[in-house]
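Data block below; observations after.
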Amino acid sequence: MGGHGGLNILPQKRWNVYNRDNRLKVAQDEAKAKKQEDEARERYEQAEREHRHQLLVKRAGTSEEGRSGDGLPGEPSAAPLEHINFWKEEETKLQHPENEKEQRDAAKRRGNPDFYTSDAKFDERFALAYGLVGDKPWYAQSLQPEQRQLRGA
1 MGGHGGLNIL PQKRWNVYNR DNRLKVAQDE AKAKKQEDEA RERYEQAERE HRHQLLVKRA
61 GTSEEGRSGD GLPGEPSAAP LEHINFWKEE ETKLQHPENE KEQRDAAKRR GNPDFYTSDA
121 KFDERFALAY GLVGDKPWYA QSLQPEQRQL RGA
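This is the structure:
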């Protein structure tokens, strides 16, 4: 009886996915789909090969019909290959004498690079009110003896 209690009528149903007939149908459908997929991939690869071949023939400067049997490529293209400089205008502007003078003036304004430190937090020029007051700010200075007496310390 199937061991679960009740009737086991599933094998008799036509829609049972575990029937031998349905498993064979699924296997056939999968094989058919794989075959179609392989054919489509082969057509795509063949078209891709033909396209690449046409590009190479065109790049070589010969046509499919006009190729000679010795395999020599056609005449080289008329335009020689050379370096492309995208910043040619900017480089010529930078070499102008007026720009060189401006660069020297900017370097003078920046000051002596030996005075700078590698870390800005240790650079004394970035301290609060640098150069306006003495060495230390008022809150960091020690109290004078007369100020201590006034405060009662």
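Per my numbering, the sequence shown starts with residue 1, numbered consecutively.
Built from N, CA and C at the ideal position, the CB exists for glycine as well.
Problem set entry | C-alpha distance - N8 paired with N16, whole-angstrom precision | Within the sequence shown, numbered from 1, the residue matching residue 8 stands at position 8. Within the sequence shown, numbered from 1, the residue matching residue 16 stands at position 16. Cα to Cα, the separation comes out at about 12 Å.
For this session: Give the straight-line distance between the Cα atoms of A79 and E45, rounded to the nearest whole angstrom.
Result: Here residue 79 corresponds to residue number 79 of the sequence shown, with the count starting at 1. Here residue 45 corresponds to residue number 45 of the sequence shown, with the count starting at 1. Approximately 34 Å, taken between the alpha carbons.
For this session: Might you give, ordered along the chain, the residues of its own chain that have their beta carbon closer than 8 Å to the beta carbon of K93, omitting 5 neighbours on each side?
Result: By 1-based counting over the sequence shown, the position of residue 93 is 93. Closer than 8 Å at the Cβ level, and outside the excluded window around K93, lie N99.
Exercise. Contact check, P11 vs N22 under 8 Å by CB: the rounded distance?
Worked result: Looking up residue 11 in the sequence shown gives position 11. Looking up residue 22 in the sequence shown gives position 22. 11 Å between Cβ atoms; not a contact.
Problem set entry | Per-residue DSSP class, three states only, for V26 | As a position in the sequence shown, residue 26 is number 26, starting the count at 1. DSSP places V26 in helix when its eight states are reduced to three.
Exercise. Starting from L94 and walking both ways along the alpha helix (DSSP H), at which residues does that stretch end?
Worked result: Against the sequence shown, residue 94 aligns to sequence position 94. Annotation for L94: the continuous alpha helix (DSSP H) segment containing it runs 88–94.
For this session: Determine the direct distance from the alpha carbon of A33 to that of V154, and round the result to whole angstroms.
Result: This structure leaves residue 154 out entirely; the chain is present only between 1 and 153.
Problem set entry | Pairwise C-alpha distance: H96 and E102 | Sequence index remark: in the sequence shown, residue 102 carries index 102 (1-based). Sequence index remark: in the sequence shown, residue 96 carries index 96 (1-based). Counting only the Cα atoms, H96 lies some 10 Å from E102.
Problem set entry | Per-residue DSSP class, three states only, for Y18 | Within the sequence shown, numbered from 1, the residue matching residue 18 stands at position 18. If DSSP states are grouped into helix, strand and coil, Y18 belongs with coil.
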